[in-house]
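J.:
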Amino acid sequence: MSRVRFFLLVASACVALGVTGCGEKKAPSAHGNDEKEAEGHAHGEAESEAGASFKDGQGLSLAPATREAIGVKTAEVEERKLARAFTVTATVFDAGPPARALTLVPPELADELERLQPSEAKVLSVRRDISTALTQIEVVLALPGSPKVGTTREVAFRGAERTIAAVPRSALLRSATGTFVYVVNGAHLLRTAVKTGASDDNFIEITDGLYSGDMIAVSAVEELWLTELRLTKGGGHSH
Numbered sequence: 001m002s003r004v005r006f007f008l009l010v011a012s013a014c015v016a017l018g019v020t021g022c023g024e025k026k027a028p029s030a031h032g033n034d035e036k037e038a039e040g041h042a043h044g045e046a047e048s049e050a051g052a053s054f055k056d057g058q059g060l061s062l063a064p065a066t067r068e069a070i071g072v073k074t075a076e077v078e079e080r081k082l083a084r085a086f087t088v089t090a091t092v093f094d095a096g097p098p099a100r101a102l103t104l105v106p107p108e109l110a111d112e113l114e115r116l117q118p119s120e121a122k123v124l125s126v127r128r129d130i131s132t133a134l135t136q137i138e139v140v141l142a143l144p145g146s147p148k149v150g151t152t153r154e155v156a157f158r159g160a161e162r163t164i165a166a167v168p169r170s171a172l173l174r175s176a177t178g179t180f181v182y183v184v185n186g187a188h189l190l191r192t193a194v195k196t197g198a199s200d201d202n203f204i205e206i207t208d209g210l211y212s213g214d215m216i217a218v219s220a221v222e223e224l225w226l227t228e229l230r231l232t233k234g235g236g237h238s239h
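The opening residue of the sequence shown carries number 1 in full-length UniProt numbering; numbering runs sequentially from there.
1) Quick check on V139: does DSSP put it in helix, strand or coil?
2) Hey, out of A75, K81, A95, A220, whose CA is closest to E161's CA?
3) Starting from P64 and walking both ways along the alpha helix (DSSP H), at which residues does that stretch end?
4) Straight-line CA distance for residue 284 to D129?
5) What is the residue span of the beta strand (DSSP E) that D208 lies within?
6) Got a sec, what are the start and stop residues for the beta strand (DSSP E) D94 sits in?
7) Whose C-alpha, out of P106, R67, A99, A220, is nearest the C-alpha of R174?
8) Any idea what DSSP makes of D129, helix, strand or coil?
9) Give a single yes or no on whether N185 has its beta carbon closer than 7 Å to a heavy atom of the ligand ATP.
10) For T227, I'd like the list of residues in its chain whose CB is within less than 6 Å of its CB, leaving aside the five on either flank, ordered along the chain.
11) Which class does T163 belong to by DSSP, given the choice of helix, strand or coil?
12) Below 8 Å on the Cβ atoms is my contact criterion, and I expect L104 with E138 to pass it. Report the Cβ-Cβ distance as a whole number of Å.
13) By Cβ distance below 8 Å, which residues in the same chain neighbour residue 258 in space, the five residues on each side in sequence not counted?
14) Would you please state the rounded distance, in angstroms, between the beta carbons of E114 and V155? I believe it to be under 8 Å.
15) Check for me: the beta strand (DSSP E) holding K73 runs from which residue to which?
16) If you draw a straight line from the alpha carbon of T74 to that of S125, how long is it in whole angstroms?
17) What do you reckon, are the CB atoms on L210 and V181 nearer than 8 Å?
18) Starting from A110, trace the alpha helix (DSSP H) both ways and give me its first and last residue.
19) Can G197 and A83 be called in contact, C-beta distance under 8 Å?
20) For chain D, check one thing: does any of its Cβ atoms lie closer than 8 Å to the Cβ of M215?
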């Protein structure tokens with residue numbers, strides 16, 4: 001092989017190696033972008049949870065901006081004068097006279113019916129010996145006028161006023177597991193079970209679970225409950 005041809009072959013090999021070494025520029029990995037995007041979403045989710053956390057025994061902790069965003073307001077449990085008032089629906093089963101109607105009420109309400117006589121009707125009997133599978137008690141009422149058998153009447157009861165611990169209706173959270181309020185517990189809001197009694201259009205008596213002077217949430221309780229559910233059962237950040 002001549003020296004000239006040898007140098008040509010070497011030069012060609014160097015050019016080939018240079019081209020191969022440079023190669024095509026690798027396109028940005030779609031997977032890499034996905035990872036960055038997913039990382040961004042994950043970071044966004046963490047930020048969306050940063051304003052709320054939950055701790056067993058202490059309750060929800062909300063950042064000031066989160067409280068304002070969902071409209072949480074607090075107030076003290078007050079002592080108020082309140083009269084026990086409620087309405088039952090009775091079905092006429094005897095045209096009379098006097099016309100008689102039947103209603104089903106829970107036991108605690110049956111006790112009230114015996115003490116409170118409605119203005120437009122009269123309690124004839126409270127039949128505790130006859131109760132339904134849901135522990136509803138039969139109450140027979142005498143109604144004025146001549147209502148037809150099978151029709152229904154709304155009968156209102158109202159007792160005397162008395163001073164009791166009461167909260168706004170907006171403070172109550174009613175769920176399948178009971179009735180609750182969110183009590184201010186330091187920097188947290190703790191969901192607390194309560195029992196209720198007398199009520200009017202705006203306030204409800206608390207017979208157990210709270211004391212006068214306790215601070216509670218009086219608005220946005222549904223939003224607080226949904227936030228608690230998300231943090232404890234929905235895979236949110238629980239601390």
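Glycine included, every Cβ here is placed at the ideal spot set by N, Cα and C.
T.: Put simply:
1) DSSP, read as helix, strand or coil, puts V139 in strand.
2) Minimum Cα distance to E161 is reached at K81.
3) First-last of the alpha helix (DSSP H) with P64: 64-70.
4) Coverage of the chain is limited to positions 1 through 239, which leaves residue 284 absent and any answer about it impossible.
5) 203-208 is the extent of the beta strand (DSSP E) around D208.
6) 78-94 is the span of the beta strand (DSSP E), which, as asked, contains D94.
7) Among P106, R67, A99, A220, the Cα nearest to that of R174 is on A220.
8) In this structure, D129 counts as strand in the three-state DSSP scheme.
9) You won't find the ligand ATP in this model; it holds no ligand whatsoever.
10) Cβ contact annotation for T227 (same chain, cutoff 6 Å, sequence separation greater than five): A52, in chain order.
11) If DSSP states are grouped into helix, strand and coil, T163 belongs with the strands.
12) The distance from the Cβ of L104 to that of E138 is about 6 Å, consistent with a contact at the 8 Å cut-off.
13) Lying before the first or after the last residue shown, residue 258 is absent from the chain, which here runs from 1 to 239.
14) Contact flag wrong, Cβ pair sits at about 14 Å.
15) Per DSSP, K73 is not a residue of any beta strand (DSSP E), being assigned neither H nor E.
16) If I take the Cα positions, the gap works out to 44 Å.
17) Result yes, Cβ atoms of L210 and V181 sit closer than 8 Å.
18) Unbroken alpha helix (DSSP H) run through A110: 107-115.
19) Result no, Cβ atoms of G197 and A83 do not sit closer than 8 Å.
20) In the structure shown, chain D cannot be found, because there is only a single protein chain.
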